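*Asks:*
2 protein chains.
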Amino acid sequence: MGRPRLHADDTVLDATRDLVLAGGGGATTAALSTRSAVPVGSLYHRFGSRDALLAELWLRTVKRFQAGLFAAATAAPPGLDRAVAAAAWTVDFATDQPADARLLLLTRREELVRDASLPATVRAALEDLNEPVIRMLRQLAAEIFGHADRGTVEVVVIAVVDLPYAHVRRHLLAGGDAGRHRPALLRVVRHTLEEARADEVP
Amino acid sequence: MGRPRLHADDTVLDATRDLVLAGGGGATTAALSTRSAVPVGSLYHRFGSRDALLAELWLRTVKRFQAGLFAAATAAPPGLDRAVAAAAWTVDFATDQPADARLLLLTRREELVRDASLPATVRAALEDLNEPVIRMLRQLAAEIFGHADRGTVEVVVIAVVDLPYAHVRRHLLAGGDAGRHRPALLRVVRHTLEEARADEVP
DNA sequence: ACAATTCTAGAATATCTGCTCTAATACTCG
DNA sequence: CGAGTATTAGAGCAGATATTCTAGAATTGT
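Protein chains in written order, with the numbering used here: chain A, 43 to 244; chain B, 43 to 244.
1) Give the range of the alpha helix (DSSP H) segment to which I200/A is assigned.
2) So, under 8 Å CB-CB, L74/A and T58/A are touching, yes? Tell me the CB distance rounded to an integer number of Å.
3) Kindly indicate which residue of E185/A, R229/A and L99/A has the alpha-carbon position closest to the one of P119/A.
4) Taking only the alpha-carbon atoms, compute the straight-line gap between G90/A and R156/B and give it to the nearest angstrom.
5) Quick one: using the 10 Å Cβ neighbour count with 16 as the cut-off for buried, is A109/A buried or exposed?
6) Spell out a yes or no on whether the stretch 167–177 of chain B and the stretch 79–87 of chain A are touching, meaning 3 or more CB-CB pairs, one atom from each, closer than 8 Å.
7) Would you say V202/A and L215/A are within 8 Å of each other, going by their C-beta atoms?
8) Using the three-state DSSP reduction, which class does H223/A fall into: helix, strand or coil?
9) Is D60/A close to chain B? Criterion is C-beta to C-beta, closer than 8 Å.
10) Would you kindly work out how many angstroms separate the C-alpha atoms of A141/B and R124/A, rounded to a whole number?
11) How many angstroms separate the CA atom of D191/A from the CA atom of V62/B?
12) Could you check if R45/B is buried or exposed, using at least 16 other CB atoms within 10 Å of its CB as the buried criterion?
13) Can you look up T234/B in the DSSP assignment and give me helix, strand or coil?
14) For A226/A, go through chain B and note every residue whose CB falls closer than 8 Å to its CB, in chain order.
15) Say whether the stretch 222–233 of chain B touches the stretch 195–212 of chain B, bearing in mind that this needs 3 or more beta-carbon pairs closer than 8 Å, one atom from each stretch.
16) Is the separation between the beta-carbon of W100/A and that of R151/A shorter than 8 Å?
17) Spell out whether any CB of chain A is found under 8 Å from the CB atom of G66/B.
18) Can you check whether the C-beta of D93/B is within less than 8 Å of a C-beta belonging to chain A?
19) Is any beta-carbon of chain B found at less than 8 Å from that of A118/A?
20) Only counting runs of 4 or more residues, tell me where the alpha helix (DSSP H) segments fall wholly within the stretch 102–181 of chain B, in order along the chain.
21) Can you give, in chain order, each stretch of the alpha helix (DSSP H) that sits fully within the stretch 47–111 of chain A and has at least 4 residues?
22) What does the alpha-carbon distance come out to for the pair G218/A and V133/A?
23) Could you tell me whether the Cβ of R156/A comes closer than 8 Å to any Cβ of chain B?
24) Compare the Cα-Cα distances from G121/B to each of A220/B, L179/B and L48/B and report the closest residue.
25) Excluding the 5 residues flanking L295/A on each side, which residues of the same chain have their C-beta closer than 8 Å to its C-beta?
26) May I have the straight-line CA-CA distance separating A220/B from T137/B, to the nearest angstrom?
27) Mind checking if L145/A is an interface residue toward chain B, Cβ cutoff 8 Å exclusive?
28) Any C-beta of chain A sitting closer than 8 Å to the C-beta of D204/B?
29) Check the Cβ of R150/B against every Cβ in chain A and list those closer than 7 Å, keeping chain order.
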């Protein structure tokens, strides 16, 4: 029914990602149109608004990241090893998919997607995006510390999320290889968790 | 000679910082003018352009941070203690000057200052901004490990930069108190460096 | 007091950007 | 084939925004 699509969504999203990463506010609708070879009208027909398009880009990027994250975590044995594997994925993601990693780690969602006037489905998707990760972090806290309360979960978040984030971000900004110091980073991750566990039951 | 200034630079920079932190692209020249009670014309007379103004804000913020950093590092005894003191300053900065910390830790420079068409002096100042910190990190590595090569410096950077950054960022984003887990963080910093030192000379 | 200098002041402008609108196009299904 | 429908297509619009411009005001040095 109807005319088939001439351009794939991913074409548009890739162009958008590249222009956003190029910085300087270059991701205008006109530029998106030129870069992806998709007319402005088609962009609006497909995505509804520029904000909605950016939201879709964000969703795609986060989902790609999470897919690898859960795969890595599931493959590892429960407890400390699993936490370290989860942390390692952030580094590996930056190596495997540099463009997506740059978008995810160097851009905040609020900065990318401005307006709150989005389709309800998209907005809901954005809201619930972190839910599965939070569940995983809680489970990690339970595995490592025996119980998941505010304190233990916070330590896990810092060790598994924030620390790799800070590390990779620094190397991405410097244009260097984030994987180069992967072992050193993971040692600190493990250390952070071990020390917190030692403090828990004195 | 000539008419004295009616408004202090800091008044303008404070208003700019607040509007930038409020997000949503609200830091327009008109908004800056209203918020700081300085006419648009005066802003341009003083700073030359919006970008130049934002660059000045960035410079002021980084210099404030570095001033405290070097003060803390100088006051501490060389070696491990000095590294821990440097790490501690990041946490204290977030506590003492929350607004500046938010700007520095949650905003990238490239995102704040768009154009490269800045006064040469300002651009040069932006370029050389990190130089003294890098020197300090190298010196810390030399003090702790006896020599500063790529590996030892990286460990110092992870412990003194990435780790506190991760810790503070989490709390700034959540609106919590960054100083709450200061002791635990510093313990991990010290431990990380001690362990790396033990590994260095097996 | 006078001239020189620096700053204040905000209306006007030129540019840019997200978005809409109308028409045409190309495919599927009956 | 023909009706229906989803998509393409891009010129044009309305609003916003950084910047300029011109006039005037306040202060200092002579």
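Glycine residues also receive a C-beta, built at the ideal position from the N, C-alpha and C atoms. Quick caveat, the model's predicted, so the values are computed rather than measured.
*Replies:* Quick look at the numbers:
1) Counting from 1 along the first sequence, the entry for residue 200/A is found at position 158. Careful: I200/A lies outside any alpha helix (DSSP H) and carries neither H nor E.
2) Within the first sequence, the letter at position 32 stands for residue 74/A. Within the first sequence, the letter at position 16 stands for residue 58/A. Right, the Cβ-Cβ distance comes to about 6 Å (below 8 Å), so this counts as a contact.
3) For the purposes of this step, residue 119/A is taken as residue 77 along the first sequence, with counting starting at 1. In terms of Cα proximity to P119/A, the closest of E185/A, R229/A and L99/A is E185/A.
4) For the purposes of this step, residue 90/A is taken as residue 48 along the first sequence, with counting starting at 1. For the purposes of this step, residue 156/B is taken as residue 114 along the second sequence, with counting starting at 1. Roughly 28 Å between the two C-alpha positions.
5) In the first sequence, counting from the first residue as 1, residue 109/A sits at position 67. Looking at its Cβ environment, which holds fewer than 16 other Cβ atoms inside 10 Å, A109/A is exposed.
6) no
7) In the first sequence, the residue the question calls residue 202/A occupies position 160. In the first sequence, the residue the question calls residue 215/A occupies position 173. No, they are not a contact pair.
8) Along the first sequence, read from residue 1 onward, the residue named residue 223/A stands at position 181. Looking at H223/A - three-state DSSP - the assignment turns out to be helix.
9) Within the first sequence, the letter at position 18 stands for residue 60/A. Answer no: the Cβ-Cβ gap between D60/A and chain B never drops below 8 Å.
10) Here residue 141/B corresponds to residue number 99 of the second sequence, with the count starting at 1. Here residue 124/A corresponds to residue number 82 of the first sequence, with the count starting at 1. Using only the alpha carbons, I get a separation of about 36 Å.
11) Indexing the first sequence from 1 puts residue 191/A at position 149. Indexing the second sequence from 1 puts residue 62/B at position 20. In a straight line, the C-alpha of D191/A is about 35 Å away from that of V62/B.
12) Counted from its first residue, the second sequence places residue 45/B at position 3. By the neighbour-count rule (16 or more Cβ atoms within 10 Å), R45/B is not buried but exposed.
13) One-based indexing of the second sequence puts residue 234/B at position 192. If DSSP states are grouped into helix, strand and coil, T234/B belongs with the helices.
14) The residue you call residue 226/A lines up with position 184 of the first sequence. What A226/A touches in chain B: G193, E196, V197, I200 and A238.
15) Judged by pairs of C-beta atoms under 8 Å, the stretch 222–233 of chain B touches the stretch 195–212 of chain B, as three or more such pairs exist.
16) For the purposes of this step, residue 100/A is identified with residue 58 of the first sequence, where counting begins at 1. For the purposes of this step, residue 151/A is identified with residue 109 of the first sequence, where counting begins at 1. Yes, they are a contact pair.
17) Position 24 of the second sequence, counted from the start, is the residue given in the question as residue 66/B. Chain A contact via Cβ: present.
18) Counted from its first residue, the second sequence places residue 93/B at position 51. Chain A contact via Cβ: absent.
19) In the first sequence, residue 118/A corresponds to position 76, counting from 1. No - not a single Cβ of chain B is within 8 Å of the one on A118/A.
20) 122–138, 140–148, 151–154 and 162–169
21) 51–64, 71–78 and 82–89
22) Position 176 of the first sequence, counting from 1, holds the residue named residue 218/A. Position 91 of the first sequence, counting from 1, holds the residue named residue 133/A. Looking at the backbone, the Cα of G218/A and that of V133/A are separated by about 12 Å.
23) Counted from its first residue, the first sequence places residue 156/A at position 114. Chain B, which has a Cβ nearer than 8 Å to the Cβ of R156/A, makes this yes.
24) Here the question's residue 121/B lines up with position 79 in the second sequence. For the residues A220/B, L179/B and L48/B, the minimum Cα distance to G121/B belongs to L179/B.
25) Not covered by the structure: residue 295/A. The range shown for chain A is 43 to 244.
26) Residue numbering aside, residue 220/B sits at position 178 when the second sequence is read from its first letter. Residue numbering aside, residue 137/B sits at position 95 when the second sequence is read from its first letter. Near 6 Å, if we compare the C-alpha coordinates of T137/B and A220/B.
27) Residue mapping note: residue 145/A aligns to position 103 of the first sequence, counting from 1. No, because no Cβ of chain B sits closer than 8 Å to the Cβ of L145/A.
28) As a first step, residue 204/B is located in the second sequence; it is residue number 162 there, counting from the start. Chain A, which has a Cβ nearer than 8 Å to the Cβ of D204/B, makes this yes.
29) To locate residue 150/B, count along the second sequence from 1; it is residue 108. Here the neighbours are L148.
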